[in-house]
Structures are given as C-alpha cells and as structure tokens.
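Chemist: Numbering (UniProt numbering), first residue to last: 14 to 534. Below you will find the structure I want to go over with you.
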Ligand code: TEU
C-alpha cells in the first residue's frame, strides 16, 4: 500500500457511542446522535472517527461483549442508521472506523450458547477454551490466570445434565469467553465480519486487545508478580503470544483487498521490539503506543516516551500513533493534576501530541478539557467494579456523557434528565456551546491546532530533531520547519526567535508561561 495513505497523518476522534449524543431520549448515546453531531466534528476538523463497539451486545462490558458482530445493537440504532452515518460522514470528508473485538465474544453469542448446550467433547466447545477443572471433582480452575477485571480468568459451567462441569477461559469478564484461535472457523467468521463492514463503506477497524487472541500451548500456570496482576505486563502468558502475528497477517490480507481501508491495534506491549512486530508491513497499519498516555507531565519523561515510541515504529518502518487517553484510562486533565493546572497541562500535551509526526487519536471530551468524574458508588456500571469485589472503581469516570449546551444537566446530550451516567451539574462552562463562543477555550485551542496541522503540512516532515533546552522544557522541530516547545517548569521561559503561531496559554511579555506549549514556524 501507499506509504502516504490517508491514515498516516490523520487525526482520529474516538466516539464512545453511549456518551457522545442521544437522539432518541433514552439517556444513552446512539448512532443517530453521532449523525446529528457530524457538523460539530467537521467544525472541529478531525479526519476520521473511531466508533467504540456498536454491534449487537448484551452490554456486560458496554459493547465489548459482542453477540452478533454483523448487526447494530438496537440501543444504538440499526444497519440503516449505520449506513446513513457512513454516507453522511463521507459527504463531510470524515472517514468512519469501527471497533472489532476478536479476542472474545459475548456469553450470549449463539456459538457460546451452543457450546454450553452441546456439552464436553463437542465440536461447539472447540471454538472456545473449555477445560476440565483441577483437583478432586475438578473444583479448581484449570490454571492460575487472573481476569484483567479481577477474580480468576475461569468460570465453571453447569452441564446440560445439571452436574457441575467444565471451566471456560475469560481474560476479561465472565460474560466475555475467549475464543479458541486455533480453530479455523474463528478466523473465517472474523473474515466475514471484516468484509461485511468494508462492503458497507467502513474505512477501517480498531482491533480490540490486538495482543490477545493467541494463547500459549497447554495454557500453563504462571509465576505471577502480584503487583502486576491487573496490568498487562510483557511477561504475561495471557498476551503477546507469537502465534498472534499469523492472525494479524490473515486480517491484513483481507483488509488489503480494500485499498482505502486501514486497521489500528490496541497493543499493550511495552517492549519496543515486540511492539514493533505488530505493525510490520504485513500486519496492522497502526498500533496504539500508550506510553504518552501513561507518562506524567514532566519534560524528560514525555520526551523519553516520544523517543521510545518513535524508536518502536522506526524499526519496522511503521507510522507513529499517538494517544493521550481513551475510554479505559483516567482523563488527562485529572491525571495531570486536576483543576486549572490539570487543564493547562492537558492543553499543552494536546499541542505536543498534534505536533508529532504520524496519526493522532483524540478521545471524545478531551477537546472540551473534561475531567474524570468521581461518581458515587451507586452510579458505577463498569464490570470492573463488581468483579474486583468493589476494590477497583473502574472506568466510568472517563465515560460520563458529553455536555453540549445549556446550563443544566443533561446539557443537550439527551432530552432525558436521567442519563446513563450522571453529568456533573457544574459543567455549564465546559459545554460545546459555551466553548465555541470563547476563543480561549480548550475546544477553540483544538480547532486552531487541527486547522494549523493541515495548513502546516509542508513544514511537517516525518523526522524530528530535538533542541537543547533548559531543565523541565523541551523543543523539537519537524524537518521542514514546525517547532513545538513544551514548558513543564513552574516559571515562564524564553521562546526561540521564530514566529509563534499557536500557544496553549496566552504569552506574557513574549514569554511562554508555566504548564504550556507553543507552536512556531
Ligand atoms: O481493553 C483491553 C485492556 O487490556 C485494558 O485496557 C483493560 O480494559 C483495562 O486494563 C481494565 O482496567 C479493551 C477495551 O478497550 C476495553 O474497554 C474492554 O473492556 C476490553 O478490551 C475487553 O474487551
């Protein structure tokens, strides 16, 4: 494929469909809501959207538990709504990518129901990872793997004759049984799904848990570092098994038949050499490198994260792919320190992200500077909360619906005041409406940055050079001209002599204030 295809420097906007905009008044966002707001996305200036899963799902993990990958869940609309979204987005020059969840299905998927009914030793059980338990009576799980969401990664089933039976593997919630990727039918079905959506005009896919799928031979016990249980560390038998690459090559062969289409993988792999393998020319087009999203607001650490990420992709001639947040992590405003300081830093990091070569992903609400929300226990819905025995609060705090207009919840998100997660009453100053009118708002900063990113394309080469800079600061230059300066110190700093075209905070006497960044040409 052409190395300068549309995605190589695109800005993708992640729509978390439940939380973006509600068109039918049930308090949950939907595809009609996305269609209604396409004008906003055009005004914002993004090149593409990535829709978190909208396929049929019992919603045990808000759509990451798919019961029919080739249909739209009625909560979000139907296939006709999806077709309309694709057509209308394309008419505005916005590409549409969808989330695919190949590591597991819902426990309500017909395959899993069939597997339960058919019993041990059946053909239907081979599509998943059923095993007999250990110990007398098979009462112990087949191995010692934990689920990412807490508790064991195994659940015991009751056999059709009513007896306690086999166990099945689920790396995530019990409602998300892992597929057996050694079974060829599993790939055949994914191929059908890829073609189904590509034929409808979808421009690509985000592949969920792209470092999952393949499991090690014999599903062996592991000597767990208990501190790392809930993180996806590199030494973890549940992830990054070598056989996964053949699966990605298979996916790529199909996607390559559609020249406009791309894929981006969720790859929680820290080792650069191993990460790079996923984005070799015959595997994924792009891979999220989460280093930037995990790094504190410190110039040296951010620079190291950038250099590290560039190194990982350079090894294989891949495209850098940046993200500051998504629906699984704390929002950056809160991560960087909350309040005015957190907001200032998130704005600075947005300019850093958008100045870098490669593709950039913006999680819905980041452009509004939304903070994470400390929700009351009674509002929490993430399966992590239940499964962890109420020790982990889960990810709902970054999934609160977007505020669009007006002065009171639900701020135009819905006509229903009782939204699926409550919107804080003090978000009136964060609405799209109020921020569009304010040239100093975070939304205005994002709009200006996205517009400049396009017009400055010719001063934005793929290579970057670092300047010498005082402690707590950095500056890099895209070969071609664009300079980005970050000031992570407590005081103002002098800028290089070039012309400032954008800054995340107003300059004071020509100086760049603390906790801010600037672009110069
Ligand atoms: O996430 C996979 C993953 O490994 C983590 O991001 C995980 O969600 C987090 O550590 C838990 O606290 C993907 C999706 O992005 C996530 O929303 C899904 O829940 C998960 O897969 C299962 O499909």
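Ideal Cβ positions, reconstructed from N, Cα and C, are used throughout, including at glycine. Note that the structure is a prediction, hence the values are computed from the model and not measured.
Can you give the beta carbon distance from residue 185 to residue 74, rounded, assuming they're within the 8 Å contact cut?
Modeler: One-based indexing of the chain shown puts residue 185 at position 172. One-based indexing of the chain shown puts residue 74 at position 61. Going by Cβ atoms, the distance from residue 185 to residue 74 rounds to 7 Å, so yes, they are a contact pair.
Chemist: What's the C-alpha gap between residue 78 and residue 530?
Modeler: Here the question's residue 78 lines up with position 65 in the chain shown. Here the question's residue 530 lines up with position 517 in the chain shown. Whole-angstrom Cα-Cα distance: 40 Å.
Chemist: Does any heavy atom of the ligand TEU sit closer than 6 Å to the C-beta of residue 395?
Modeler: Residue 395 sits at position 382 when you count from the first residue of the chain shown. Flag unset: Cβ of residue 395 not near the ligand TEU.
Chemist: Please name the residue in 396, 463, 21, 363 whose C-alpha comes closest to that of residue 341.
Modeler: For this step, residue 341 is matched to residue 328 along the chain shown. Measuring from the Cα of residue 341, the nearest candidate turns out to be 396.
Chemist: Among 86, 385, 532, which has the Cα closest to the Cα of residue 487?
Modeler: Here residue 487 is taken as the residue at index 474 of the chain shown, counted from 1. Checking every option, the nearest Cα to that of residue 487 belongs to 532.
Chemist: Taking just the CA atoms, how far does residue 85 sit from residue 36?
Modeler: As a working note, residue 36 is residue 23 in the chain shown. As a working note, residue 85 is residue 72 in the chain shown. Near 16 Å, if we compare the C-alpha coordinates of residue 85 and residue 36.
Chemist: Between the alpha carbons of residue 209 and residue 83, how many angstroms are there, rounded?
Modeler: As a working note, residue 209 is residue 196 in the chain shown. As a working note, residue 83 is residue 70 in the chain shown. So the alpha carbons of these two residues sit roughly 7 Å apart.
Chemist: Expressed to the nearest angstrom, what Euclidean distance is found between the alpha-carbon atoms of residue 411 and residue 377?
Modeler: Numbered from 1 along the chain shown, position 398 holds the residue referred to as residue 411. Numbered from 1 along the chain shown, position 364 holds the residue referred to as residue 377. Straight-line Cα distance between these residues: approximately 10 Å.
Chemist: Which value, in whole angstroms, describes the spacing of the CA atoms of residue 33 and residue 41?
Modeler: To locate residue 33, count along the chain shown from 1; it is residue 20. To locate residue 41, count along the chain shown from 1; it is residue 28. Near 9 Å, if we compare the C-alpha coordinates of residue 41 and residue 33.
Chemist: Considering residue 500, what are the terminal residues of the beta strand (DSSP E) in which it resides?
Modeler: The residue you call residue 500 lines up with position 487 of the chain shown. Here the beta strand (DSSP E) through residue 500 covers 496-500.
Chemist: Could you give the C-beta distance for residue 200 and residue 292, rounded to a whole number, given that I count them as a contact under 8 Å?
Modeler: Here residue 200 refers to the residue found at position 187 when the chain shown is read from its first residue. Here residue 292 refers to the residue found at position 279 when the chain shown is read from its first residue. With 8 Å as the limit, residue 200 and residue 292 do not qualify as a contact, their Cβ atoms being about 20 Å apart.
Chemist: By a C-beta neighbour count over all protein chains shown, 10 Å radius and 16 as the cutoff for buried, is residue 452 buried or exposed?
Modeler: Taking the chain shown and counting its residues from 1, one reaches residue 452 at position 439. Exposed: under 16 other Cβ atoms inside 10 Å.
Chemist: Pick out the complete beta strand (DSSP E) segments inside the stretch 398-484, 3 residues or longer, and give them in chain order.
Modeler: Entirely contained in the stretch 398-484, the beta strand (DSSP E) runs reaching 3 residues are, in chain order, 477-479.
Chemist: Taking contact to mean 3 or more Cβ pairs, one atom from each stretch, closer than 8 Å, check whether the stretch 292-302 and the stretch 264-283 are in contact.
Modeler: Contact between the stretch 292-302 and the stretch 264-283 is present, because at least three Cβ pairs lie under 8 Å.
Chemist: Could you say which of 391, 121, 26, 347 lies nearest to residue 51 if we only look at CA atoms?
Modeler: Taking the chain shown and counting its residues from 1, one reaches residue 51 at position 38. Minimum Cα distance to residue 51 is reached at 26.
Chemist: Ends of the alpha helix (DSSP H) at residue 124?
Modeler: Mapped onto the chain shown, residue 124 falls at position 111. Note, residue 124: alpha helix (DSSP H), 123-131.
Chemist: For residue 110, name the three-state secondary structure that DSSP assigns.
Modeler: Counted from its first residue, the chain shown places residue 110 at position 97. Three-state result, residue 110: strand.
Chemist: Quick one: Cα of residue 480 to Cα of residue 497, how far?
Modeler: Working through the chain shown from its first residue, we reach residue 480 at position 467. Working through the chain shown from its first residue, we reach residue 497 at position 484. If you take the alpha carbons of residue 480 and residue 497, they lie about 10 Å apart.
Chemist: Judging by CA-CA distance, which residue of 47, 55, 48, 63 is the nearest neighbour of residue 373?
Modeler: Walking along the chain shown from the start, residue 373 turns up at place 360. For the residues 47, 55, 48, 63, the minimum Cα distance to residue 373 belongs to 63.
Chemist: By the three-class DSSP mapping on this structure, what secondary structure does residue 162 have?
Modeler: For the purposes of this step, residue 162 is identified with residue 149 of the chain shown, where counting begins at 1. DSSP places residue 162 in coil when its eight states are reduced to three.
Chemist: May I ask you to check if the CB of residue 288 is nearer than 6 Å to at least one heavy atom of the ligand TEU?
Modeler: As a first step, residue 288 must be located in the chain shown, where it is residue number 275. The answer is no for residue 288.
Chemist: For residue 380, which residues from the same chain have a beta carbon less than 7 Å from its beta carbon, with the 5 sequence-adjacent residues on both sides left out?
Modeler: As a working mapping, residue 380 is identified with position 367 in the chain shown. Around residue 380: 57, 455, 456, 459.
Chemist: Counting only runs of 3+ residues fully inside the stretch 60-111, write out the beta strand (DSSP E) ranges in chain order.
Modeler: You should have 61-64, 81-85.
Chemist: Do you know offhand how far residue 129's Cα is from residue 140's?
Modeler: Reading the chain shown from its first residue, position 116 is the one you call residue 129. Reading the chain shown from its first residue, position 127 is the one you call residue 140. Their Cα atoms are separated by approximately 11 Å.
Chemist: Would a C-beta distance cut-off of 7 Å place residue 143 and residue 189 closer than the cut-off?
Modeler: By one-based count along the chain shown, residue 143 stands at place 130. By one-based count along the chain shown, residue 189 stands at place 176. Cβ distance not < 7 Å, so residue 143 and residue 189 don't count as in contact.
Chemist: What residue range is occupied by the uninterrupted alpha helix (DSSP H) comprising residue 52?
Modeler: Counting from 1 along the chain shown, the entry for residue 52 is found at position 39. Residues 51-57.
Chemist: Could you tell me the boundaries of the alpha helix (DSSP H) in which residue 362 lies?
Modeler: The residue labelled residue 362 in the question sits at position 349 within the chain shown. Residues 352-368.
Chemist: Ignoring anything shorter than 3 residues, give me the beta strand (DSSP E) runs that lie fully in the stretch 233-296, in order along the chain.
Modeler: Those beta strand (DSSP E) runs which fall completely within the stretch 233-296 and span 3+ residues are 275-279.
Chemist: Pick helix, strand or coil for residue 304, following the three-state DSSP scheme.
Modeler: By 1-based counting over the chain shown, the position of residue 304 is 291. Correct three-state label for residue 304: helix.
Chemist: Can you give me the Cβ contacts of residue 15 inside the same chain, cut-off strictly under 8 Å, excluding the 5 residues immediately before and after it?
Modeler: Taking the chain shown and counting its residues from 1, one reaches residue 15 at position 2. Low per-residue confidence applies at residue 15: pLDDT is 46, beneath 50, and the placement is therefore not dependable, though the value from the model is reported in the following sentence. No residues qualify anywhere along the chain.
Chemist: Assuming residue 59 contacts residue 463 under a Cβ cut-off of 8 Å, what Cβ separation, rounded to an integer in Å, is found between them?
Modeler: Mapped onto the chain shown, residue 59 falls at position 46. Mapped onto the chain shown, residue 463 falls at position 450. Confirmed, Cβ separation roughly 7 Å.
Chemist: Residue 306: buried (16+ other C-beta within 10 angstroms of its C-beta) or exposed?
Modeler: By one-based count along the chain shown, residue 306 stands at place 293. Buried, because 16 or more other Cβ atoms sit within 10 Å of the Cβ of residue 306.
Chemist: Do you know offhand how far residue 520's Cα is from residue 502's?
Modeler: Here residue 520 is taken as the residue at index 507 of the chain shown, counted from 1. Here residue 502 is taken as the residue at index 489 of the chain shown, counted from 1. Approximately 15 Å between the Cα atoms of the pair.
Chemist: Residues in its own chain within less than 7 Å of residue 114 by CB, not counting five upstream and five downstream?
Modeler: Mapped onto the chain shown, residue 114 falls at position 101. So the list reads 66, 77, 79, 221, once near-sequence residues are dropped.
Chemist: Go ahead and pull the three-state DSSP assignment for residue 15.
Modeler: One-based indexing of the chain shown puts residue 15 at position 2. With a pLDDT of only 46 at residue 15, under the threshold of 50, the placement of this residue in the model should not be trusted; the figure read from the coordinates follows. Three-state result, residue 15: coil.
Chemist: Hey, how far is the Cα of residue 152 from the Cα of residue 223?
Modeler: Here residue 152 refers to the residue found at position 139 when the chain shown is read from its first residue. Here residue 223 refers to the residue found at position 210 when the chain shown is read from its first residue. Residue 152 and residue 223: Cα-Cα distance of roughly 32 Å.
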